[in-house]
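S.K.: Below: one structure in structure tokens.
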Amino acid sequence: MQKPIKIIPVLKLGLKVSVIIGVIFFFLQMSGEVKAVVSHLKTKSVLSVEPDSSVSSAIKIAKNAGSLLFPLSVERFYAKNGNKLVWIAPEKIKTHNWDAMLLLDCVIQYGLVPADYHPTELTYNQLHLLVEHPEKVTNRQQAAYDILLTDAMITLINNLHFGKLNVNYPPEKLDAGNFEGCHADIELANALNQQDFIRTVESLQPKTKAYTNLQYHMHLLTGVYTGDNYELSETDVKKMAINMERLRWAVNDQEIYVAVNIPSFTLEFHRPDMVYQFRILAGKPVTPTPSFASAIGSIQVSKGWNTSSRRIYFTFYNREGIYLGNTPDQLSFRKEDRAVSNGTLNVEQAQKLAGLLLTNDGNLKSVPLITKALKKNESQTFILKKKIPFEVTYITCAVDEGTLVIYNDIYQLDQNLEMKLYNVTNSLALDLNTKNK
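Printed below as a string of structure tokens:
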């Protein structure tokens, strides 16, 4: 007969092991380390295991429903982090969820519109529920909120950096990611790894003085002064918003550049230590001067029939055939409304501007040669060793020493842009909305 298996020694061994584990567990508990271990295990289960399939599933559902503004960017973002949640986690786990919600709550201060960032779904109450009572929600609910918040932040980053209505960077192009420059999904991932999430996102805005002045003034009007018996002008807010949008379209990020602004009838030569300003003549409303970006590559002096007809041209490429030069019509520079040309740009004191550009180019010896060529009625070309960025903009307001200055909307372009920025299809509705506020 087969002998029974002896299990007593095994049980004894098991008891010994249990006693040892119990002692170790007791001392760990006494030192407070058990809670840390349990918390770590819970964190891993919430962030790394369960949501994996939920995130990918939620993305597919949202894409099919058309509820994501940048679906390809959202997919790339989660694919790179292993389809893990980035905003929804237990209270003890540090995330930037409240920072992100604060940014979305304050988009007006950046000249943007809250309706563009899933305001109905992304509520504080829902976030409180997801974070403070995860046992009351499903993984799918967590994932759905997480990807919508990611989509909203990707949208915000794109809008802050490129603008909402940039024809050179439409949403489809930004979402595809086939371009050089700021990729919102990558920038968001970087911001999430920074201690100051909000400042990192804000740093993606344009850094020109014109933009930063407007953005700070907007911050004061819509944030700081709110509730201080300060009468907020909705018209001024919208005027600033559309011009912040235009300034986001500007491609220039250099320290040295030449910029023309049509509504203010000014040309500015920017250097790190100085800004030189000149008056300009621009196109009439029937022959408007377009906005564009290029680079000044040379200065040309051409001979004429008499002294006043001798010309100085600043050459740059543009499809519209617009040129910048001097003009014998000096009286028009004294007018307040200087929209008088056939679309070309004329600058006052063109010879001074030419001298500044040559000096900046390290070609000081050529400055007197311009005067000589004009006097002798000779044609001469001065090629710049380094092209200077040149941009023509249409900005209808600016902040000067803390005061908002409004320029005449000479080409009547503001209302159309305002309607598009604020998602309004009827101009009457836009007027009524402004009056009601």
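Position one of the sequence shown corresponds to residue 1 (UniProt numbering), numbered consecutively onward. Glycine is no exception: its CB is placed at the ideal position from the N, C-alpha and C atoms.
1. Whole-angstrom Cβ separation of L204 and I157, contact assumed at under 8 Å?
2. If contact is defined by three or more beta carbon pairs under 8 Å, each pair taking one atom from either stretch, is the segment 119-130 in contact with the segment 160-168?
3. Below 8 Å on the Cβ atoms is my guess for D151 versus V86; work out the distance and round it to an integer in Å.
4. Shortest alpha-carbon distance to Q351 belongs to which of S57, Q142, G362, I312?
5. Contact between the segment 390-406 and the segment 257-268 is defined here as three or more beta-carbon pairs at a separation below 8 Å; is this criterion met?
6. When the Cβ atoms of the segment 316-330 are set against those of the segment 395-403, are three or more pairs found closer than 8 Å?
7. Where I370 and G362 are concerned, what is the direct C-alpha to C-alpha distance, given to the nearest angstrom?
8. Exposed or buried, what is M153 when buried is set at 16 or more other beta-carbons lying within 10 Å of its beta-carbon?
9. Which residue spans inside the segment 360-434 form an unbroken beta strand (DSSP E) run of at least 3?
10. If you follow the beta strand (DSSP E) that Q300 is in, where does it begin and where does it stop?
11. Note down the Cα distance separating N83 from S57, rounded to an integer number of angstroms.
12. Which word fits T95, buried or exposed, when buried means at least 16 other C-beta atoms lie within 10 angstroms of its C-beta?
13. Mind reading off the beta-carbon distance from F77 to L174? Whole number of angstroms is fine, and I expect it under 8 Å.
14. Between the C-alpha atoms of V137 and L104, what's the straight-line distance to the nearest angstrom?
15. Please classify A176 as buried or exposed, where buried requires at least 16 other C-beta atoms within 10 Å of its C-beta.
16. Identify the continuous beta strand (DSSP E) that holds H270 and give its terminal residues.
17. Can you give me the start and stop residues for the alpha helix (DSSP H) that Q126 sits inside?
18. Is the CB-CB distance between L247 and A210 below 8 Å?
19. Taking 7 Å as the limit between beta carbons, can you name the residues of its chain near F179, skipping five residues before and five after?
20. Do V131 and E75 have their C-beta atoms closer together than 8 Å?
21. Going by alpha carbons, who is nearest to V167 out of K239, S291, K63?
22. Would you say N426 and I256 are within 8 Å of each other, going by their C-beta atoms?
23. Using a Cβ-Cβ cut-off of 7 Å (strictly less than) and excluding sequence neighbours within five positions of L68, which residues of its own chain qualify?
24. Considering only DSSP beta bridges, list what Y274 is partnered with.
25. Report yes or no: do three or more beta-carbon pairs, one from the segment 333-353 and one from the segment 263-281, lie closer than 8 Å?
26. Using the beta-carbon count (16 or more within 10 Å), is L232 buried or exposed?
27. Can you grab the Cα-Cα spacing for the pair C106 / R271, in whole Å?
28. Give the straight-line distance between the Cα atoms of G304 and T235, rounded to the nearest whole angstrom.
29. Quick one: Cα of K239 to Cα of L324, how far?
30. Just how far apart, CA to CA, sit P170 and L192?
31. Heavy atom of the ligand GTP less than 7 Å from the Cβ of Y313, yes or no?
32. Let me check understanding here. Comparing Cα to Cα, which of N64, C397, S53, K60 lies closest to E245?
33. Helix, strand or coil: which one does DSSP assign to N261?
34. Could you pull the DSSP bridge partners for L345 from this structure?
35. By a C-beta neighbour count over all protein chains shown, 10 Å radius and 16 as the cutoff for buried, is L102 buried or exposed?
36. Figure out for me which residue from G355, A144, E268 has the closest Cα to the Cα of H118.
M.R.: If we stick to the structure as given:
1. On the sequence shown, residue 204 is found 204 positions in, with the first residue counted as 1. On the sequence shown, residue 157 is found 157 positions in, with the first residue counted as 1. At roughly 6 Å, the Cβ-Cβ gap stays under 8 Å, so L204 and I157 are in contact.
2. Counting Cβ pairs under 8 Å, fewer than three are found: no touch.
3. Indexing the sequence shown from 1 puts residue 151 at position 151. Indexing the sequence shown from 1 puts residue 86 at position 86. Not a contact, Cβ separation roughly 12 Å.
4. For the purposes of this step, residue 351 is taken as the residue at position 351 of the sequence shown. Out of S57, Q142, G362, I312, I312 has the C-alpha closest to the C-alpha of Q351.
5. yes
6. no
7. Counted from its first residue, the sequence shown places residue 370 at position 370. Counted from its first residue, the sequence shown places residue 362 at position 362. Cα-Cα distance, rounded: 15 Å.
8. Your numbering for residue 153 matches position 153 in the sequence shown. Burial call: buried.
9. 380-393, 397-400, 403-406
10. Mapped onto the sequence shown, residue 300 falls at position 300. Taken as a continuous stretch (DSSP letters only), the beta strand (DSSP E) holding Q300 covers 292-302.
11. Working through the sequence shown from its first residue, we reach residue 83 at position 83. Working through the sequence shown from its first residue, we reach residue 57 at position 57. Those two C-alpha atoms are separated by around 10 Å.
12. As a working note, residue 95 is residue 95 in the sequence shown. Buried, by the Cβ-count rule.
13. As a working mapping, residue 77 is identified with position 77 in the sequence shown. As a working mapping, residue 174 is identified with position 174 in the sequence shown. The pair is not a contact, with the Cβ atoms about 13 Å apart (cut-off 8 Å).
14. Taking the first residue of the sequence shown as 1, we reach residue 137 at position 137. Taking the first residue of the sequence shown as 1, we reach residue 104 at position 104. So the two alpha carbons sit approximately 23 Å from each other.
15. The residue you call residue 176 lines up with position 176 of the sequence shown. The residue is exposed, with fewer than 16 neighbouring Cβ atoms inside 10 Å.
16. The residue you call residue 270 lines up with position 270 of the sequence shown. Going by DSSP, H270 is part of the beta strand (DSSP E) stretching over 266-271.
17. Along the sequence shown, one-based indexing puts residue 126 at 126. In the DSSP assignment, Q126 falls within the unbroken alpha helix (DSSP H) covering 124-132.
18. Taking the sequence shown and counting its residues from 1, one reaches residue 247 at position 247. Taking the sequence shown and counting its residues from 1, one reaches residue 210 at position 210. Contact flag set, yes.
19. The sequence position of residue 179 within the sequence shown is 179, counting from 1. Answer for F179: K173, listed in chain order.
20. What you label residue 131 is simply residue 131 of the sequence shown in a count that begins at 1. What you label residue 75 is simply residue 75 of the sequence shown in a count that begins at 1. Not closer than 8 Å, so no.
21. Locating residue 167 in the sequence shown gives position 167, where the first residue counts as 1. Comparing Cα positions, the closest option is S291.
22. Against the sequence shown, residue 426 aligns to sequence position 426. Against the sequence shown, residue 256 aligns to sequence position 256. Between N426 and I256, the CB-CB gap reaches or exceeds 8 Å.
23. Residue numbering aside, residue 68 sits at position 68 when the sequence shown is read from its first letter. For L68, where only same-chain residues beyond five positions count, the Cβ hits under 7 Å are A62, V74, D151.
24. To locate residue 274, count along the sequence shown from 1; it is residue 274. Here residue 274 turns out to be Met, not Tyr, going by the sequence shown. DSSP, once it has assigned bridges, lists R271 as partnering M274.
25. yes
26. Locating residue 232 in the sequence shown gives position 232, where the first residue counts as 1. Flag for L232 reads exposed.
27. Sequence index remark: in the sequence shown, residue 106 carries index 106 (1-based). Sequence index remark: in the sequence shown, residue 271 carries index 271 (1-based). Using only the alpha carbons, I get a separation of about 33 Å.
28. Within the sequence shown, the letter at position 304 stands for residue 304. Within the sequence shown, the letter at position 235 stands for residue 235. Using only the alpha carbons, I get a separation of about 49 Å.
29. Walking along the sequence shown from the start, residue 239 turns up at place 239. Walking along the sequence shown from the start, residue 324 turns up at place 324. Approximately 28 Å between the Cα atoms of the pair.
30. Numbered from its first residue, the sequence shown carries residue 170 at position 170. Numbered from its first residue, the sequence shown carries residue 192 at position 192. Approximately 25 Å, taken between the alpha carbons.
31. This structure lacks the ligand GTP, and indeed carries no ligand of any kind.
32. As a working mapping, residue 245 is identified with position 245 in the sequence shown. Here the closest residue by C-alpha is C397.
33. Here residue 261 is taken as the residue at index 261 of the sequence shown, counted from 1. In the structure shown, N261 sits in a strand (DSSP, three-state: E or B).
34. Looking up residue 345 in the sequence shown gives position 345. Answer by DSSP bridge pairing, in chain order: L324.
35. Start at 1 with the first residue of the sequence shown, and residue 102 comes out as number 102. Burial call: exposed.
36. Position 118 of the sequence shown, counting from 1, holds the residue named residue 118. The shortest C-alpha separation from H118 is found at A144.
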